[in-house]
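A short write-up of the structure that comes next.
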DNA sequence: GAGCAGCTATACAGAATCGTATGGACAGCG
DNA sequence: CGCTGTCCATACGATTCTGTATAGCTGCTC
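Chains as they are written, first to last, in full-length UniProt numbering: chain A, 1 to 301; chain B, 1 to 301.
Spelled out as structure tokens, the structure:
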């Protein structure tokens with residue numbers, strides 16, 4: 001039985017794909033360039049599917065065959081990383097690594113206090129935050145846990161719905177006193193709206209929710225920057241109610257005309273159920289996010 | 001940057017998990033027992049999460065920590081196997097390995113002629129058939145393509161619906177002439193019904209479709225055995241119309257009272273789109289299954 | 001209880017792998 | 001144009017890893 005080429009070869013293959021050169025890959029992995037070169041040569045010989053790369057003096061360029069392997073190679077790397085995480089502590093311990101995938105806003109604005117409380121109780125926990133708006137793959141184990149705004153419809157995932165976050169338009173009161181307050185939606189024409197730049201999906205969802213919105217005056221795809229712009233009094237933008245309500249200087253704009261809700265789920269791979277720290281963090285995220293959503297329904301005093 | 005333990009160590013870890021012993025794992029991988037033992041020891045040292053196995057004179061028993069790693073380890077092995085498959089030929093060639101996951105009935109009764117025609121056109125294709133009724137994981141790449149009877153609701157999958165297969169009750173004419181023909185559903189009480197033994201999901205779906213069915217007289221979870229029993233004249237059972245119609249000796253029983261439809265999808269991982277042979281087999285499955293379903297709507301002559 | 005079969009652990013020699021050192025090629029820059 | 005930085009390919013010595021051989025343990029069978 002031929003069990004294929006050595007797995008170490010696949011590791012350097014992945015590194016070469018990402019680095020674009022043997023030397024770069026060797027630096028990544030703590031090897032030397034000749035070793036990386038030997039690995040690739042051995043891999044090509046073992047596969048017998050022709051060359052994987054075309055060598056040049058400024059690096060290795062992947063052939064079509066190598067490109068077809070790219071995503072699968074990353075999946076293997078993700079699996080290896082997940083193994084290391086899961087094995088970072090005994091399964092029944094409250095120590096070790098947990099990797100959480102969340103959106104930028106949640107990760108920067110909502111999670112820190114939740115995680116702080118969690119780590120105060122369990123100092124051995126190590127949290128890795130993967131801040132990305134593109135939903136990374138839980139099944140592929142790019143992360144152990146995830147907070148999702150779209151319902152994960154996949155088997156093999158442990159899912160808990162925690163409610164819906166209210167969204168609204170907000171502006172700093174200094175901005176409003178400067179640019180003039182707003183009585184009706186028609187007044188928005190005179191105002192600076194903060195929105196997205198190129199993120200087509202977000203733009204479309206905003207347009208779907210509020211079709212008669214004037215076009216964005218300030219554009220960025222970075223949602224944290226949007227929040228900062230609002231707080232700095234640059235204009236009017238979309239904000240989660242619970243986040244806005246923390247700052248008394250932020251004023252809700254046309255709360256009747258512009259509101260939306262965003263459902264929130266916490267998801268975890270089923271296999272992690274028996275790993276105690278994963279379950280612990282899962283429960284902490286559920287209760288923390290529930291509290292966060294609840295805070296949004298109360299106005300600041 | 002510490003990039004974790006060597007991937008080869010994970011490979012022997014997986015083998016030890018499956019074999020239950022160092023010696024068995026070594027035989028699987030073409031290594032020797034001392035090497036396997038060294039690998040595990042090195043892995044335990046590298047992870048620092050305590051022992052992965054408790055050694056005994058009759059093998060290695062996984063600890064809870066090791067059990068938590070089992071499924072992820074298999075995912076890594078699946079990724080490695082998928083890499084070997086994808087790299088078994090140049091991406092633009094019509095040769096190489098394609099692994100298909102299908103149900104036992106489809107795999108044994110429907111696919112063979114489709115695959116025969118395909119291989120006649122492209123002799124370089126190597127087909128691996130994974131016959132399992134439990135839907136294996138496409139995202140985890142246990143297989144490259146799959147024929148599914150439930151709609152795959154996952155991103156990153158290329159899905160094509162090919163229609164619905166009609167199901168009905170059938171019996172061999174010899175059986176009916178021996179046991180008496182059937183005029184109404186009440187007559188079924190006197191007859192031998194072929195059905196499932198322990199497969200709770202299948203039993204429930206049958207009961208949902210035909211609530212007033214007498215209990216099964218002949219039981220097996222192996223659907224191929226069910227077909228064989230029907231063909232041998234043992235009794236009445238559920239059969240796909242297109243399969244039944246091939247054999248003039250099979251007679252439809254109460255076609256008005258007992259009928260159902262089973263939707264069929266062909267699914268493939270998105271990443272394989274650019275691999276030409278995968279696309280080829282995908283298209284062949286689509287057209288082949290479409291033809292199969294169409295054949296079910298015509299009675300045999 | 002002796003014998004057998006299966007397993008793990010250890011010692012040591014051989015083989016495969018790796019790193020160092022070097023040469024050659026190419027692109028960017030002053 | 002020459003210099004520099006980066007890259008790949010090759011040769012050779014050192015290290016690491018692997019396999020063989022052996023001892024010890026356990027459970028089963030006769």
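Quick reminder that beta carbons are idealized off the backbone N, C-alpha and C, glycines included. None of the values given here were measured: they were computed from a predicted structure.
{"Item": "Can you check which of these residues, A:235, A:68, A:43, A:115, is closest to residue 270 of chain B by C-alpha distance?", "Value": "A:68"}
{"Item": "How long is the line joining the alpha carbons of residue 130 of chain B and residue 252 of chain A, rounded to whole angstroms?", "Value": "58 Å"}
{"Item": "Go ahead and pull the three-state DSSP assignment for residue 63 of chain B.", "Value": "coil"}
{"Item": "Should residue 240 of chain A go down as buried or exposed, given a rule of 16 or more other Cβ atoms within 10 Å for buried?", "Value": "buried"}
{"Item": "Mind checking if residue 161 of chain B is an interface residue toward chain A, Cβ cutoff 9 Å exclusive?", "Value": "no"}
{"Item": "If you compare alpha carbons, which of A:179, A:183, A:261, A:267 is closest to residue 161 of chain A?", "Value": "A:267"}
{"Item": "So is residue 18 of chain B in contact with chain A if we call contact Cβ pairs under 9 Å?", "Value": "no"}
{"Item": "Can you tell me which of the three DSSP states residue 216 of chain B falls into?", "Value": "coil"}
{"Item": "Taking 6 Å as the limit between beta carbons, can you name the residues of its chain near residue 106 of chain A, skipping five residues before and five after?", "Value": "147"}
{"Item": "Would you mind reading off the limits of the alpha helix (DSSP H) that contains residue 305 of chain B?", "Value": "This structure does not reach residue 305 of chain B, given that chain B is present from 1 up to 301, and the question cannot be answered."}
{"Item": "Please report how far the alpha carbon of residue 77 of chain A lies from the alpha carbon of residue 194 of chain B, in whole angstroms.", "Value": "47 Å"}
{"Item": "Is it true that the CB of residue 213 of chain A sits closer than 9 Å to the CB of residue 220 of chain A?", "Value": "no"}
{"Item": "List the residues of chain A whose Cβ lies closer than 8 Å to the Cβ of residue 275 of chain B, in chain order.", "Value": "68"}
{"Item": "On the three-pair Cβ rule with 8 Å, is the stretch 26-38 of chain B touching the stretch 37-47 of chain A?", "Value": "no"}
{"Item": "Three-state secondary structure (DSSP) at residue 239 of chain A?", "Value": "strand"}
{"Item": "Would residue 128 of chain B pass as an interface residue toward chain A - the criterion being a Cβ-Cβ separation below 9 Å?", "Value": "no"}
{"Item": "Taking the alpha-carbon positions, what's the residue 264 of chain B to residue 226 of chain B distance?", "Value": "21 Å"}
{"Item": "Does residue 104 of chain A come out as helix, strand or coil in the three-state DSSP assignment?", "Value": "helix"}
{"Item": "Apart from the five residues on each side of it in sequence, which residues of its chain come closer than 6 Å, Cβ to Cβ, to residue 20 of chain B?", "Value": "59"}
{"Item": "Roughly how many angstroms separate the alpha carbons of residue 232 of chain B and residue 215 of chain B, rounded to a whole number?", "Value": "20 Å"}
{"Item": "Give a yes or no on whether 9 Å exceeds the smallest Cβ distance from residue 244 of chain A to chain B.", "Value": "no"}
{"Item": "Between which two residues does the beta strand (DSSP E) carrying residue 168 of chain B extend?", "Value": "157-172"}
{"Item": "If contact is defined by three or more beta carbon pairs under 8 Å, each pair taking one atom from either stretch, is the stretch 85-97 of chain A in contact with the stretch 107-125 of chain B?", "Value": "no"}
{"Item": "Can you grab the Cα-Cα spacing for the pair residue 280 of chain B / residue 104 of chain B, in whole Å?", "Value": "22 Å"}
{"Item": "Can you list, in chain order, the residues of its chain with a C-beta nearer than 6 Å to that of residue 247 of chain A? Leave out the 5 residues immediately preceding and following it.", "Value": "none"}
{"Item": "Counting only beta-carbon separations shorter than 9 Å, does residue 59 of chain B have a partner in chain A?", "Value": "no"}
{"Item": "May I ask you to report which of helix, strand or coil DSSP gives residue 13 of chain A?", "Value": "helix"}
{"Item": "Considering just the uninterrupted stretch of the beta strand (DSSP E) at residue 146 of chain A, what are its terminal residues?", "Value": "145-148"}
{"Item": "Note down, in chain order, each residue of its chain lying with its Cβ closer than 8 Å to the Cβ of residue 206 of chain B, except the 5 sequence neighbours on either side.", "Value": "195, 196, 213, 238"}
{"Item": "Going by CA-CA distance only, name the one from A:258, A:288, A:202, A:294 that's closest to residue 242 of chain A.", "Value": "A:294"}
{"Item": "Could you check if residue 155 of chain A is buried or exposed, using at least 16 other CB atoms within 10 Å of its CB as the buried criterion?", "Value": "exposed"}
{"Item": "Spell out whether any CB of chain A is found under 9 Å from the CB atom of residue 139 of chain B.", "Value": "yes"}
{"Item": "At 4 residues or longer, and completely inside the stretch 173-201 of chain A: list those alpha helix (DSSP H) runs for me, N to C.", "Value": "173-179"}
{"Item": "Contact criterion: CB-CB distance below 9 Å. Does residue 1 of chain B meet it with respect to chain A?", "Value": "Its pLDDT being 47, under 50, residue 1 of chain B is placed unreliably by the model, and the measurement read from it follows with that caveat. Output row for residue 1 of chain B: interface = yes."}
{"Item": "With a threshold of 9 Å between beta carbons, is residue 191 of chain A in contact with chain B?", "Value": "no"}
{"Item": "At the level of alpha carbons, what is the spacing between residue 209 of chain A and residue 144 of chain B?", "Value": "39 Å"}
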